[in-house]
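What follows is a set of notes on a single structure, which appears directly below.
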Amino acid sequence: MEELESFIFKRAVGESRIEAGALLRLRGFCEDYLRSLERRILAGIRQAKVLFPDRGDHRLHGWKWLLDAAGSVPRPVYRLNTLGIAAGWGAVFCALAPGAGRHTTKAGIGSSHDIASAIPTVVPIDSG
340 MEELESFIFK RAVGESRIEA GALLRLRGFC EDYLRSLERR ILAGIRQAKV LFPDRGDHRL
400 HGWKWLLDAA GSVPRPVYRL NTLGIAAGWG AVFCALAPGA GRHTTKAGIG SSHDIASAIP
460 TVVPIDSG
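Per this note's numbering: the sequence shown = residues 340 to 467.
Here it is as structure tokens:
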């Protein structure tokens, strides 16, 4: 978690994605992962701004709002997740891992992306 928090603090002070992700890159994560992680964090921040209208200065954007809303804590993601769970909404930043929330399904059981081979959900009406 320290790599994630370091990334957030460095992005908040204006460092580039590559500079901020130095610890993550040492762990073997590539630039594409950093870009994806950043998008997921920013999506979580947008969701958190809606869920916590009374926390933080809403004139701030992105990283700065996250740090302001969490207060002066070393782990802002953990803080907002804890507040979300306490409020009954669940963790705001629960899907920061790329595979989070994906279920393994048996091939061909309604998971096809090809429209022609997807299982129809409704039986078509015979108009003839």
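For every residue, glycine included, the Cβ atom is placed at its ideal position computed from N, Cα and C. Small disclaimer: the values here were computed from a predicted structure and weren't measured.
*DSSP-derived helix/strand/coil call for A409*: helix
*Please work out which residues of its chain come closer than 8 Å, Cβ to Cβ, to R356, disregarding the five sequence neighbours upstream and downstream, and give them in chain order.*
R350, E370, L373, R374 and E377
*Helix, strand or coil: which one does DSSP assign to V416?*
helix
*Measure the alpha-carbon distance for L365 versus G395 and round it to whole angstroms.*
Rounded to the nearest angstrom, the two C-alpha atoms are 32 Å apart.
*asked:* Going by C-alpha to C-alpha distance, which of L422, G367, Y417 and W402 sits closest to D393?
replied: L422
*So is A425 buried or exposed if we call it buried at 16+ other beta carbons inside 10 Å?*
Exposed: under 16 other Cβ atoms inside 10 Å.
*asked:* Please report the straight-line C-alpha distance between W402 and W428, rounded to a whole angstrom.
replied: 21 Å
*Below 8 Å on the Cβ atoms is my guess for G383 versus F432; work out the distance and round it to an integer in Å.*
4 Å
*Under three-state DSSP, which class holds G395?*
coil
_On the CB-based measure, 16 or more other CB atoms within 10 Å of its CB, does G410 come out buried or exposed?_
exposed
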